[in-house]
């Protein structure tokens, strides 16, 4: 059973996951970050030690969680002698195999959610996607994940990569469209708050209806008069205009295929 | 005071708005649609008469609500003698002035929401944007809107057009990205349901945090390794690949400007 954890990283994911683990009763042994301020802040929250030196990372924990940028992971691993320690990464787009040369017990612990340092979030409904190098390790990670969430899923590396890509579409891109919408209304002195009930309903709708069936608006019905008006409003913002055309075309193409 | 209403149109908006008005105690006199099946279905729900003939539209109601496609509105108005009847349209992108030649009492009644015929929705939190040809008409429309919603806003035609454009970004485009995300995961045999907590949290987050501050993901930090992996996965879907590049670039551009 996993009881003690070292967290490598102190960004959004490390902060939220570390906090959730700490609140679930796990003992966080140490936080590592190359940025001292981040390491200190998270260590304080998790009531633990911290280090900014790779060679001082605490390897005595039952589990080492790497929650760092993809391109930092290999460099860190290369400088640690993990040997038989249980190590996991938390990256959507890295296969589990990147850990294979560094320990004989390894896996992936990927909570599928958007995390910000300042925003507390319950892990109960967050799908935690796990993968492991052996059935024993899988069982250990499953038990740990189940302490945090009601939705623990066994997901292989290829599937996780798809999920990560889909998360970019359904979260990162979606959020950027909230941002663009805000730019549009604020330009004419209208409060962004007016759009909030629409944003909530748009998300709530696809909890019950497939996105294809939930689609509304001018692009779906190819209402050229409205589309042209909108493009005209965006005349001074060629980048927005181009995105508008592009996405409208994509919507129209998706919906003109009958019964798709 | 408005007590009786004729509804011209039987689409998504006409259906949801008509139902809300009916439930709020208004008497719907008649539904008009050129499609008989739609007219019949909505008239049945609203416990009223219907017609498919323009020259039989009931002009005796206190209010005529035009909830038809933008390009159908002028044609319909041209065939009716509204004279002094109170008429409103419900279109985001049409200025109020399109009604000016057809009656001396007119206005706009624009509920800012995504509507589907089958999905019941409470109007209480839907912003209803109103505009009117005179203070008296404005007061009447305000009173009517207040029966449905707690958020009645006086919005002029230019502002309404901005809101409509922003709604395309924050609802129609957002929903299409849910659809694209679904395509991505289903291609690798993963259940779209796994993305639902992420979709809900992405919307919930911007209720409290500005979209700019809520942004996460590879595009914001210009993580080229992940972006290139994602583009490679999308190799067989050039249209998706192009959208991915485009929106990622837009996110990166927005976030590289300090303190914007």
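Chains as they are written, first to last, in the numbering used here: chain A, 1 to 260; chain B, 261 to 520. Backbone N, C-alpha and C define an ideal beta-carbon position, used for all residues, glycine too. Note that the coordinates shown come from a computational prediction; the quantities given were computed from them, not determined experimentally.
Does DSSP put residue i in a helix, a strand or coil?
i, result
"residue 216/A", "coil"
"residue 411/B", "coil"
"residue 4/A", "strand"
"residue 108/A", "strand"
"residue 269/B", "coil"
"residue 118/A", "coil"
"residue 113/A", "coil"
"residue 519/B", "For residue 519/B, the predicted structure reports a pLDDT of 47, less than 50, and the residue's modelled location is therefore unreliable. The matter cannot be settled from this model."
Ends of the alpha helix (DSSP H) at residue i?
i, result
"residue 502/B", "498-516"
"residue 276/B", "272-283"
"residue 458/B", "456-468"
"residue 157/A", "157-167"
"residue 181/A", "174-187"
"residue 492/B", "484-493"
How far does the beta strand (DSSP E) with residue i in it reach, from first residue to last?
i, result
"residue 392/B", "388-392"
For a contact meaning CB atoms closer than 8 Å, what does residue i contact in chain A?
i, result
"residue 496/B", "What residue 496/B touches in chain A: nothing, since even the nearest Cβ is about 13 Å away."
"residue 295/B", "Per Cβ cutoff of 8 Å: no residues; residue 295/B is ~14 Å from chain A at best."
"residue 398/B", "Under the 8 Å cutoff, chain A gives no residues; its nearest Cβ is about 18 Å from residue 398/B."
"residue 413/B", "194"
"residue 329/B", "221 and 223"
"residue 514/B", "176 and 179"
"residue 270/B", "Correct list: empty, because the minimum Cβ distance to chain A is about 15 Å."
"residue 274/B", "Going along chain A, no residue has its Cβ under 8 Å from residue 274/B, so there is no contact; the nearest lies around 13 Å."
"residue 418/B", "188"
Between residue i and chain C, is any beta-carbon pair separated by less than 8 Å?
i, result
"residue 73/A", "You won't find chain C in this structure, because its protein chains are A and B."
Interface residues of chain A around residue i at Cβ under 7 Å?
i, result
"residue 301/B", "Chain A residues near residue 301/B: none, gap ~18 Å exceeds 7 Å."
"residue 440/B", "169"
"residue 425/B", "184, 230 and 233"
"residue 353/B", "226 and 229"
Cβ closer than 7 Å: which chain B residues qualify as neighbours of residue i?
i, result
"residue 250/A", "436, 499 and 503"
"residue 125/A", "457"
"residue 212/A", "439"
"residue 100/A", "In chain order: nothing, as chain B lies at least about 19 Å away."
What does residue i reach in chain A if we use C-beta pairs closer than 9 Å?
i, result
"residue 421/B", "188, 229, 230 and 233"
"residue 390/B", "Within chain A, no residue comes near residue 390/B; the closest Cβ sits about 13 Å away, beyond 9 Å."
"residue 410/B", "Per Cβ cutoff of 9 Å: no residues; residue 410/B is ~10 Å from chain A at best."
"residue 469/B", "116, 118 and 119"
Please compile the residues from chain B whose C-beta is within a distance smaller than 8 Å of the C-beta of residue i.
i, result
"residue 205/A", "374, 376, 379 and 435"
"residue 279/A", "Because chain A is modelled from 1 through 260, residue 279/A falls outside the range shown and cannot be assessed."
For a contact meaning CB atoms closer than 9 Å, what does residue i contact in chain B?
i, result
"residue 172/A", "462, 475, 476, 477, 478, 479, 480, 507, 508 and 511"
Mind listing, in chain order, the continuous alpha helix (DSSP H) runs of no fewer than 4 residues lying wholly within the segment 289-362 of chain B? 296-305 and 330-338
Segment contact, 8 Å Cβ cut-off, at least three pairs: the segment 356-364 of chain B with the segment 389-408 of chain B: yes
Are the segment 158-175 of chain A and the segment 435-454 of chain B touching by the rule of at least three beta carbon pairs closer than 8 Å? yes
Would you say the segment 1-9 of chain A touches the segment 54-73 of chain A, given that touching needs at least three Cβ pairs under 8 Å? yes
Just checking, does the segment 234-252 of chain A make contact with the segment 287-301 of chain B on the three C-beta pairs under 8 Å criterion? no
So does the segment 105-125 of chain A actually touch the segment 149-157 of chain A, counting three or more Cβ pairs closer than 8 Å? yes
Using 8 Å as the cut-off, can you tell me whether the segment 270-283 of chain B makes contact with the segment 370-379 of chain B, which would need three or more C-beta pairs spanning the two stretches below that distance? yes
Below 8 Å, how does it come out for the segment 446-460 of chain B and the segment 119-128 of chain A: are there three or more Cβ pairs, yes or no? yes
At a cut of 8 Å, does the segment 205-225 of chain A reach the segment 241-260 of chain A through at least three beta carbon pairs? yes
Evaluate contact between the segment 15-32 of chain A and the segment 43-55 of chain A, counting only Cβ atoms and requiring at least three cross-stretch pairs below 8 Å. yes
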